[in-house]
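In the numbering used here, the protein residues as written are 8 to 668.
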């Protein structure tokens, strides 16, 4: 029995497997994964990044296994992309926040390899077949995702269209701007598909499909995306007009018909979708969005300018390698000037890369993209290249005021379209690359990324088990699983969770050790310093506790976590250090007023956060220890925080629940 089984395995491995058309399998795998990433939260989850890494390795390995000669890729372009990856890796190795960012390294390296594969794949298999398959899969997947998004828009409280860019487990995890970016990339390809139809009736149907897709974009209520969309349309008009100017053959009647059908369908979808939604939930006012009188007010504009300035300052401090991938979330709060004005990124793709990976990486990305775009605009109008340019410029424009390339679905489509565009450019004086050298670097990169992903996957699973145990209240089981995952590279908040559990169990020395483990990877996180301050306070180490609380305050606790101020003030009171407390009174009172104003306006939904109780508690303390003349001020602040938070929380309770989950 054993010998036949061995023979079958041998035959399969050495005879059947090599006979498979692995290039076709790669092509289909990429398209299937493109649809999967779109459907699965837009590719926001870590599992999407890990699967992308495996896909990149597979495509790279198959290419070098099956192809006797390397297709010509411009040497400068290849070196620029590899240097972009290299500086991303270097940034992570020197990161100040190494508990995060490994996923960005895996994504960047994998997307670079797929970018190379797309260029070479189209060179052999032919542009037409591969491009058409991509467009067909993309349109089908986009329409299905849009239908899913309509149900979410109709039957869930979120008042902006998100497609499939959501995580149903969390009521805050809806990403309309990321969906808008995906549509900005995709609609020009849908326009190319619609223009190919020659029969009038079928052509009208195709432009109706295009109108539906644009309707999905309008329903996001994304001001930035709509500006980018208008820019795409204007660029299309300019390029078409310029191409037909001398020949005077501009088909304006046909263009007018097509555009009329498209926008009538788009507006029809917009109004009809809102009519259905209005039966279950309030509809976002277009006027309020345009005039910046919606719930977020003008903060989306004012805070963006703050993020840009802060990213510039941070990039100047570490211009070569930056602070590390995904570090902006931790290093930006120290530069904050208003309550909860923080973000995971600076809302600008170039400034994000500059602050996190250094200016070399940022400029390399900019040079790669702009070089390909500028060279491509020389191609004839109505070619595929024109529509690739429109999609890429739309996404790039929107990512000057936002950033959504952390979504695998968006990033993968972006780099695939960029690779398709680069393949058809007539590069001047292509320098030949050494085949063995290129193969060595690409296979080494792909294999290294895959090995890292496999090693890290064990820690991901065990830490996930720990989080689930912690959520159930099973502290011992959570600590067991966290211990198993202790040595993973991308530990994220694992050590903070350990410290919290140990602190709650009053195992204070072990909690200190957990914080020490966290500091080995990240000393920029005010949450860790706050936890250490609580531990030291419990250990009656007053001086050390006050110093640590001050560090937490300066690193970002000031405008994000009022418990830092409350805890430090209470520690001063417990230690009878009234003079020191008096020195901080004016500063802390002014900050308390800012928090109360934010609660009154529910800035970033602060009225729903624990900051409310922290403000009330400290205000009550201050009203008791300060003079009768000053006490009413703190009583009023406490009353206002309590009143306005209750109003906002009652609104949430009164809001109809979601009908889907």
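All C-beta atoms in this analysis are idealised placements derived from N, C-alpha and C, irrespective of residue type, glycine included.
Here the alpha carbon of residue 286 sits roughly 11 Å from the alpha carbon of residue 279.
Per the DSSP secondary-structure output, residue 529 pairs in a beta bridge with 104.
Taking a 10 Å sphere around the C-beta of residue 220, we find 16 or more other C-beta atoms and assign the residue as buried. The straight-line gap separating the alpha-carbon atoms of residue 614 and residue 345 is approximately 15 Å. Counting the other Cβ atoms within 10 Å of the Cβ of residue 334 gives 16 or more, which makes it buried. With respect to the 7 Å criterion, residue 473 and residue 496 are not classified as neighbours on the basis of their beta carbons.
Note that the C-beta distance between residue 575 and residue 625 is not below 7 Å. Residue pairing by DSSP places residue 181 opposite 173 in a beta bridge.
Residue 668 counts as exposed, since fewer than 16 other C-beta atoms from the protein chains shown sit within 10 angstroms of its C-beta. In this structure, residue 142 lies near residue 196, with their beta-carbon atoms less than 7 Å apart.
For the 7 Å CB-CB criterion, residue 405 and residue 212 do not form a contact. For residue 433, there is no enclosing alpha helix (DSSP H), as DSSP gives it neither H nor E. In terms of Cβ geometry, residue 118 and residue 323 do not form a close pair [threshold 7 Å].
Nearest neighbour of residue 315 by Cα position, chosen from 639, 327, 289, 342, turns out to be 342.
If you compare the alpha carbons of 590, 337, 318, 380 with that of residue 359, the shortest gap goes to 318. Ranking 46, 655, 103, 293 by CA distance to the CA of residue 173 puts 46 first. If you look at residue 553, you'll find it in the alpha helix (DSSP H) that goes 549–559. The C-beta of residue 337 has 16 or more other C-beta atoms within 10 Å across all chains shown, which makes the residue buried. Assignment of residue 492 by DSSP, reduced to helix, strand and coil, places it in the coil class. Sorting 499, 64, 136, 27 by C-alpha distance to the C-alpha of residue 391 places 136 at the top.
Remark: three or more beta-carbon pairs, one from each stretch, lie closer than 8 Å, so the region 238–250 and the region 396–416 are flagged as touching.
By the CB criterion at 7 Å, residue 43 and residue 62 fall outside the cutoff. By the Cβ criterion, the region 555–563 is in contact with the region 522–534, since at least three pairs of Cβ atoms, one from each stretch, lie closer than 8 Å. Within the region 263–350, no complete beta strand (DSSP E) segment of 3 residues or longer occurs. When the beta-carbon positions are compared, residue 126 and residue 426 come within less than 7 Å of each other. For residue 401, the secondary structure class from DSSP, reduced to helix, strand or coil, is helix. The continuous stretches of alpha helix (DSSP H) do not include residue 668, and DSSP gives it neither H nor E. Listed in chain order, the non-local C-beta contacts of residue 416 below 7 Å within the same chain comprise 44, 45, 49, 50, 189, local neighbours out to five positions each way being set aside.
Here residue 347 is actually not in contact with residue 609; their C-beta atoms are around 11 Å apart, not less than 8 Å.
In the three-state reduction of the DSSP assignment, residue 128 falls in the helix class. In this chain, residue 204 is not harboured by any alpha helix (DSSP H), its DSSP state being neither H nor E. Here the alpha carbon of residue 403 sits roughly 11 Å from the alpha carbon of residue 380. For residue 565, the number of other beta carbons within 10 angstroms of its own is at least 16, and it is reported as buried. Taken through DSSP and simplified to helix, strand or coil, residue 611 comes out as helix. Counting only runs that start and end inside the region 571–637, there is no beta strand (DSSP E) element of at least 3 residues.
Nearest to residue 569 by alpha-carbon distance, out of 246, 601, 112, is 601.
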